[in-house]
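For our numbering, count along the sequence shown from 1 and bump the result up by 16.
Just so you know, even glycine gets a beta-carbon here, dropped at the ideal spot from N, CA and C.
These numbers come from a predicted model, not from an experiment.
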Amino acid sequence: MNSASARDALLDPEFLASLAGLRILARRVPRGGRHAEHRSRDLGGGLEFRDFRPYTPGDDFRSIDWNIYRRLGRVVLRLFEEMEDLPLYLAPDMSASGWSEEPPRALAGLKAALALASISLGQHDPVGLYPFAEDLLDTTPARAGGGRLMVLADRLASLPRGGGTDFRQSFQRLASLRLRPGLLVILSDFFDPAGLEAVLASLTPLRHRLLLVQLLRSEDREPTLQGDLHLLDCETG
17 MNSASARDAL LDPEFLASLA GLRILARRVP RGGRHAEHRS RDLGGGLEFR DFRPYTPGDD
77 FRSIDWNIYR RLGRVVLRLF EEMEDLPLYL APDMSASGWS EEPPRALAGL KAALALASIS
137 LGQHDPVGLY PFAEDLLDTT PARAGGGRLM VLADRLASLP RGGGTDFRQS FQRLASLRLR
197 PGLLVILSDF FDPAGLEAVL ASLTPLRHRL LLVQLLRSED REPTLQGDLH LLDCETG
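What follows is the structure in structure tokens.
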């Protein structure tokens, strides 16, 4: 399958249109981005009222609530929540275990990643790609703006597929990029010879809000194979 065909397989116009009313909500958003649709952890000069606090010398007098002053004789400030963007970082697992069956589970993961990207871009949030396998693969920095969804679809369609998985190495490399804190979505089967505990331990360096999307089939939970079997790992042989 060429890159254009792979991209078209990810872009289902009817499915993407069905996402129009969805939103990605964050109660606490890292401070430091531009204005968008999320509440920041800080209070400032935004539009949504949050609370009052007593006036102290040096405060902006324009935030004084004069109605309370006239009624109660108290000088207090009206506080508003800042609305800021939430960077979305998508980390799809491109290793061989996700591509060893038909249809491949990894393809469902890429479609889910693109769906999240579509929702996030609709909120004017920046979206970036950080795929991995045995190591972090070529990354696409987080950006917002028109036409960005097609850029991400092209990038997802052209990612190399196969090889082993090294969660620890991949996530250490990702942490070393020192990205602005945001929402990091990892899409993987999370299969590792060392077990799920080792996978979870590898997440420690990541200073982001995490969303783990595990790609499974019913056979993974309830295998139907019986008898004497010789199993071969599709990544390690």
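### Task
Can you tell me which of the three DSSP states I135 falls into?
By one-based count along the sequence shown, residue 135 stands at place 119. I135 falls in the helix class under three-state DSSP.
### Query
Starting from S111 and walking both ways along the beta strand (DSSP E), at which residues does that stretch end?
Within the sequence shown, the letter at position 95 stands for residue 111. No beta strand (DSSP E) holds S111; DSSP gives it neither H nor E.
#### Entry: 8 Å contact criterion, which M110 and P176 should meet: CB distance rounded
Here residue 110 refers to the residue found at position 94 when the sequence shown is read from its first residue. Here residue 176 refers to the residue found at position 160 when the sequence shown is read from its first residue. About 6 Å; that satisfies the 8 Å criterion.
### Query
Can you give the Cα-Cα distance for R57 and D101, rounded to whole angstroms?
As a working mapping, residue 57 is identified with position 41 in the sequence shown. As a working mapping, residue 101 is identified with position 85 in the sequence shown. Because R57 carries a pLDDT of 45, less than 50, the predicted location of this residue cannot be relied on, and the following value inherits that uncertainty. If I take the Cα positions, the gap works out to 12 Å.
### Task
Jot down the residue ranges of each uninterrupted alpha helix (DSSP H) in the segment 191 to 244, minimum 4 residues, whole runs only, in chain order.
212 to 218 and 234 to 237
### Message
DSSP three-state label for P70, please.
### Response
What you label residue 70 is simply residue 54 of the sequence shown in a count that begins at 1. P70: strand per DSSP, three-state reduction.
### Task
Could you tell me the distance, in whole angstroms, from the CA atom of E150 to the CA atom of P120?
The residue given as residue 150 occupies position 134 in the sequence shown. The residue given as residue 120 occupies position 104 in the sequence shown. A direct Cα-to-Cα measurement between E150 and P120 gives close to 19 Å.
#### Entry: As assigned by DSSP and simplified to three states, the class of L102
As a working mapping, residue 102 is identified with position 86 in the sequence shown. L102 falls in the coil class under three-state DSSP.
### Task
Compute the Euclidean distance between the alpha carbons of L199 and V143, then round it to the nearest angstrom.
Position 183 of the sequence shown, counted from the start, is the residue given in the question as residue 199. Position 127 of the sequence shown, counted from the start, is the residue given in the question as residue 143. Cα to Cα, L199 sits roughly 10 Å from V143.
### Task
Note down the Cα distance separating G89 from N83, rounded to an integer number of angstroms.
For the purposes of this step, residue 89 is identified with residue 73 of the sequence shown, where counting begins at 1. For the purposes of this step, residue 83 is identified with residue 67 of the sequence shown, where counting begins at 1. Going from the Cα of G89 to the Cα of N83 covers about 9 Å.
### Query
Given D75, which residues of its chain have a CB within under 7 Å of its CB, disregarding the five upstream and five downstream residues?
Walking along the sequence shown from the start, residue 75 turns up at place 59. So the list reads L93, once near-sequence residues are dropped.
### Message
Measuring alpha carbon to alpha carbon, tell me which residue in R196, P221, R184 and R233 is nearest L212.
### Response
Here the question's residue 212 lines up with position 196 in the sequence shown. Selected option, being the one with the closest Cα: R184.
### Query
Quick one: is Y85 buried, meaning 16 or more other Cβ sit within 10 Å of its Cβ, or exposed?
The residue you call residue 85 lines up with position 69 of the sequence shown. For Y85, the number of other beta carbons within 10 angstroms of its own is below 16, and it is reported as exposed.
### Message
Since F148 and S174 should fall inside the 8 Å C-beta cutoff, what is the C-beta to C-beta distance between them, to a whole number of angstroms?
### Response
Position 132 of the sequence shown, counting from 1, holds the residue named residue 148. Position 158 of the sequence shown, counting from 1, holds the residue named residue 174. No, F148 and S174 are not in contact; Cβ-Cβ is about 15 Å, not under 8 Å.
### Message
Mapping the DSSP letters down to three states, classify P157 as helix, strand or coil.
### Response
Sequence index remark: in the sequence shown, residue 157 carries index 141 (1-based). Residue state, collapsed to three classes: strand.
### Task
Count the other CB atoms, across all protein chains shown, that sit within 10 Å of the CB of H224; report buried if there are 16 or more and exposed otherwise.
Translated into positions along the sequence shown, residue 224 becomes position 208. H224 should be labelled buried.
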